[in-house]
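Residue numbers (my numbering): 932 to 1423. Beneath this line is the structure, given in structure tokens, with notes to follow.
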Ligand SMILES: Cc1ncc(COP(=O)(O)O)c(C=O)c1O
């Protein structure tokens, strides 16, 4: 039995074995051949991946940009003069035109009629969620309802609800698949409540497990009188979203997750009637027709302008239109077909991984098939005694292989609580105290592990990436002990 996984361990994954595995993969996933365009782009647009030898498998963290996105944006910046759009001078107008063109391009991309949806530029998906949370008309008798597997940027909305006297509730997930039972959700939506406004939030795709929840829930919730946030930050990078078919009230996204560049820009796509129900808690430059100081009067702007505080990122926003055009030139169907083929191959390979004694070498958190499953797989490697291999050790060995994956809890507390079987009673007893780090909390709660390993696929993933990952995964077979010098876990 191996004491410590070694990066030098010969893995037996020769080119010949890889070619053989790829041939078998292609027979099992014939539609993968339709995505050959991406293999061409891999050497032109994403050539830096193979030049550096990096295996990038953290697309749910952030996607990768194509070289031509940078070239086009940099040429625009070099050749033209742009000023602050809060003016009417020529350089200001030039910026305004490009910002408004990008706004229209975002709505077009999601097939969102401009008469029904507004596109508000924000710093990221979190910024979009905060806008909704701080402005939603929560009041006593109102409620914030969320599935367990929301990102913490959604969970944080409960603080706004509580501060205004509304209550909150969570719809649990079912282990081991980490899905929500439709009947149970229906009971939560139908539960009698007060007469206040009610807001329901769920991720179209969990950033923890990759589970895709039904978009049909939107209408079911509307029918019961709920406003609906569908967090699409982890969904839209590899799935089409058609807002002429689905009508969520609020959709937060981050553009770097969709096409890698630029960072620092997201959007809140908001249905106009729902937007009108929001009350901003303050005003700022850029959001008012006029404000005075002596009378303390303010006349707010309306639509997207009411929600874009200060100066928008007017040099970055034109790159959003460029990024959307790049994704359209590949086609979201191509991207999702590819991710589905590679993801299901990887999931099967991870499930099959065994120790010499025949025991399982992995524990998958979430569905073990590819039905309604996005390109994200969360799991832990296991020691032969069945205990999880510390994710910090996996991270360390991955770095030595130049493999980028995410480890930890992925800012998704509820999915982690379900995956690691943490009961409500345990959590109620666990008090946070000043100066605690995450490791103290893990000990307090008695978590079996500090987190999981997350592999996520995206626009530039190829067979060689997932194959190299499995070659690395093989080195965790029969690992009995790991070094004791791992860094402390500071925060989630
Ligand atoms: C589902 C989901 N929602 C929200 C967020 C927050 O995105 P950002 O950090 O870009 O604000 C993330 C980030 O990973 C996510 O995966």
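By construction, the Cβ of each residue, glycine as well, lies at the ideal position given by its N, Cα and C atoms.
query                                                                                                               : result
Whole-angstrom C-beta distance between residue 1326 and residue 1338, which should lie under 8 Å                    : 5 Å
Secondary structure of residue 1357, DSSP reduced to three states                                                   : helix
Ordered list of beta strand (DSSP E) runs contained in the region 1188-1226, each at least 3 residues               : 1197-1202 and 1219-1222
DSSP state of residue 1245 mapped onto helix, strand, coil                                                          : coil
Between the CA atoms of residue 1039 and residue 945 - distance to the nearest angstrom                             : 46 Å
Cβ-Cβ separation, residue 1189 to residue 1063 (assumed contact under 8 Å), whole Å                                 : In fact, because the Cβ distance is near 20 Å, the residues do not count as touching under 8 Å.
Start-to-end residues for the alpha helix (DSSP H) that takes in residue 1339                                       : It is not in any alpha helix (DSSP H) - residue 1339 instead sits in the beta strand (DSSP E) that spans 1337-1339.
Assigned exposure category for residue 941 - 16 Cβ within 10 Å defines buried                                       : Summary for residue 941: the model assigns pLDDT 42, below 50, so the residue's position carries little reliability; its value from the coordinates is reported in the next sentence. Exposed: under 16 other Cβ atoms inside 10 Å.
Cβ neighbours of residue 932 in the same chain (closer than 7 Å, five flanking residues each side left out)         : Only weak support exists for where residue 932 lies, its pLDDT of 45 falling under 50; the value from the coordinates is given anyway. Same-chain partners within the cutoff: 1315, 1409 and 1411.
As assigned by DSSP and simplified to three states, the class of residue 1109                                       : coil
Enclosing beta strand (DSSP E) for residue 1183 [first to last residue]                                             : 1181-1185
Closest residue to residue 1004 among 1193, 1127 and 1346 (Cα-Cα distance)                                          : 1193
Exercise answer, beta-carbon shell around ligand 1 heavy atoms below 5 Å                                            : 1055, 1056, 1057, 1082, 1084, 1134, 1138, 1162, 1164, 1165 and 1185
Three-pair Cβ contact test at 8 Å for the region 1103-1116 versus the region 1038-1056                              : no
Residue 934 versus residue 1080 - alpha carbon distance                                                             : Note that residue 934 has pLDDT 49, beneath the 50 cutoff, so the model's placement of it is unreliable and no number is given.
Among 1395, 1187 and 1203, nearest to residue 980 - alpha-carbon criterion                                          : 1395
Outcome for residue 1019 when other beta-carbon atoms lying within 10 angstroms are tallied against a minimum of 16 : exposed
Own chain residues within Cβ distance below 6 Å of residue 1126, not counting five before or after                  : 1072
Per-residue DSSP class, three states only, for residue 1017                                                         : coil
Whole-angstrom C-beta distance between residue 1180 and residue 1151, which should lie under 8 Å                    : Actually they are not in contact, since the Cβ atoms of residue 1151 and residue 1180 sit about 14 Å apart, beyond 8 Å.
Buried or exposed by the 16-neighbour rule on C-beta atoms within 10 Å, applied to residue 1367                     : exposed
Cβ neighbour criterion (16 or more within 10 Å) applied to residue 1374                                             : exposed
Coarse secondary structure for residue 1130, derived from DSSP in three states                                      : strand
Distance between beta carbons of residue 1324 and residue 1293, contact taken as under 8 Å                          : The Cβ separation is near 15 Å, so there is no contact.
Residue of 1034, 1400 and 1421 minimising C-alpha distance to residue 1331                                          : 1400
Strand pairing of residue 1235, partner residues [DSSP]                                                             : Paired residue(s): none; residue 1235 is not in a bridge.
Enclosing beta strand (DSSP E) for residue 1075 [first to last residue]                                             : 1074-1078
Coarse secondary structure for residue 1143, derived from DSSP in three states                                      : strand
For residue 1307: DSSP bridge partner residues                                                                      : 1387
Identity of the residues DSSP links to residue 1099 by a beta bridge                                                : 1075
CB contact flag (residue 1273, residue 1397, <8 Å)                                                                  : yes
Inter-residue Cα distance where the pair is residue 1301 and residue 1240                                           : 41 Å
Stretch pair the region 977-991 + the region 1282-1293: three plus CB contacts closer than 8 Å                      : no
Those residues which DSSP pairs with residue 1052 across a bridge                                                   : 1198
From 971, 1230, 1015 and 1208, residue whose alpha carbon lies closest to that of residue 1215                      : 1230
Cutoff 6 Å; reference residue 1307; Cβ partners in own chain excluding five residues on either side                 : 991, 1141 and 1387
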